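Worksheet: the structure to be examined is printed underneath.
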Amino acid sequence: DAGVIQSPRHEVTEMGQEVTLRCKPISGHDYLFWYRQTMMRGLELLIYFNNNVPIDDSGMPEDRFSAKMPNASFSTLKIQPSEPRDSAVYFCASSPFQGAGVNTEAFFGQGTRLTVV
Amino acid sequence: KNQVEQSPQSLIILEGKNCTLQCNYTVSPFSNLRWYKQDTGRGPVSLTIMTFSENTKSNGRYTATLDADTKQSSLHITASQLSDSASYICVVSPMDSNYQLIWGAGTKLIIKP
Chain A
1 DAGVIQSPRH EVTEMGQEVT LRCKPISGHD YLFWYRQTMM RGLELLIYFN NNVPIDDSGM
61 PEDRFSAKMP NASFSTLKIQ PSEPRDSAVY FCASSPFQGA GVNTEAFFGQ GTRLTVV
Chain B
1001 KNQVEQSPQS LIILEGKNCT LQCNYTVSPF SNLRWYKQDT GRGPVSLTIM TFSENTKSNG
1061 RYTATLDADT KQSSLHITAS QLSDSASYIC VVSPMDSNYQ LIWGAGTKLI IKP
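Residue numbers (our numbering), protein chains in the order written: chain A, 1 to 117; chain B, 1001 to 1113.
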């Protein structure tokens, strides 16, 4: 398996534009997570899905952010309209099992570096 | 408040030397503690996962220890290599929240030849 695949790797956009980040999880994984990483705040969980259903989106910063998972092999994170403070690296991760046990390893994609100017 | 604090923030050592990174946490109770390695420009990769009942776990030259009484963990790297240059992040999973991992800020390790 190629691992978690994210696209694009880099995105530069102007303030006010819509941005869509894409993720293909590892086949067979039931859980998908979207994270944001900045120097100031480190890694923050934005939202996670179980079997394509959003379970908790309390980490989504505001209504400008939305995430969908139309099927088991694809998810998107959309920002509309984008703002300079959204500049960060956005990671998608998937996991075969969610729980408190040792099998809950999350596999991360390489991330999308978003710059909003 | 659940927190994970790591020290030092950054560390520079010579290739071949050993080093130890520290992690203190206030998450209680917790189900497991993980160490991740994050290379520049890449996503984090899991190194070790320990449950609250374990006190050591090894992965090659990486050895993690856990003291649940003092709420401390350490990651020891033996015979460092240039490829060990990365950020190392300590992550704790609270017992009452299966998905909400508490991430430390990481230690940036630089290995010099």
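Backbone N, C-alpha and C fix where the C-beta goes; we use that ideal spot for every residue, glycine too. Since the model is a prediction, treat every value here as computed from it, not as a measurement.
Cα-Cα separation, residue i to residue j
| i | j | result |
| --- | --- | --- |
| Met15(A) | Ile79(A) | 11 Å |
| Arg113(A) | Ser87(A) | 8 Å |
| Ser1087(B) | Lys1037(B) | 6 Å |
| Glu18(A) | Gly111(A) | 18 Å |
| Asn1032(B) | Leu46(A) | 21 Å |
| Thr20(A) | Ile55(A) | 21 Å |
| Gly109(A) | Tyr90(A) | 9 Å |
| Gln1081(B) | Arg64(A) | 43 Å |
| Asp57(A) | Ile1012(B) | 38 Å |
| Ile1111(B) | Leu1021(B) | 14 Å |
Residue i in three-state terms, based on DSSP
| i | result |
| --- | --- |
| Pro1094(B) | strand |
| Phe1008(B) | Here the sequence assigns Pro to residue 1008(B), which means Phe is not the residue at that position. It is coil, neither helix nor strand. |
| Leu1082(B) | helix |
| Asp86(A) | helix |
| Ile26(A) | coil |
| Arg36(A) | strand |
| Lys1057(B) | strand |
| Lys1108(B) | strand |
| Met1050(B) | strand |
| Ala115(A) | Per the sequence shown, the amino acid found at residue 115(A) is Thr instead of Ala. Looking at Thr115(A) - three-state DSSP - the assignment turns out to be strand. |
| Met69(A) | strand |
| Val53(A) | strand |
Sequence-distant residues of its chain with Cβ nearer than 7 Å to residue i (five each side left out)
| i | result |
| --- | --- |
| Gly1060(B) | none |
| Lys51(A) | Looking at the sequence shown, residue 51(A) is not Lys but Asn. Within the same chain, Asn51(A) has close Cβ partners Asp30. |
| Ala1105(B) | Gln1006 |
| Ala72(A) | Asn52 |
Contacting residues, own chain, Cβ-Cβ under 8 Å from residue i (five flanking each side not counted)
| i | result |
| --- | --- |
| Val117(A) | Val12, Thr13, Glu14, Met15 and Pro84 |
6 Å Cβ shell around residue i - same chain, five flanking residues per side excluded
| i | result |
| --- | --- |
| Ser66(A) | Lys78 |
| Ala106(A) | Ala93 and Ser95 |
| Thr1063(B) | His1076 |
Contacting positions in the segment 1083 to 1110 of chain B - beta carbon closer than 8 Å to chain A:
Ile1089, Ser1093, Met1095, Asn1098, Tyr1099, Gln1100, Leu1101, Trp1103, Gly1104, Ala1105 and Gly1106
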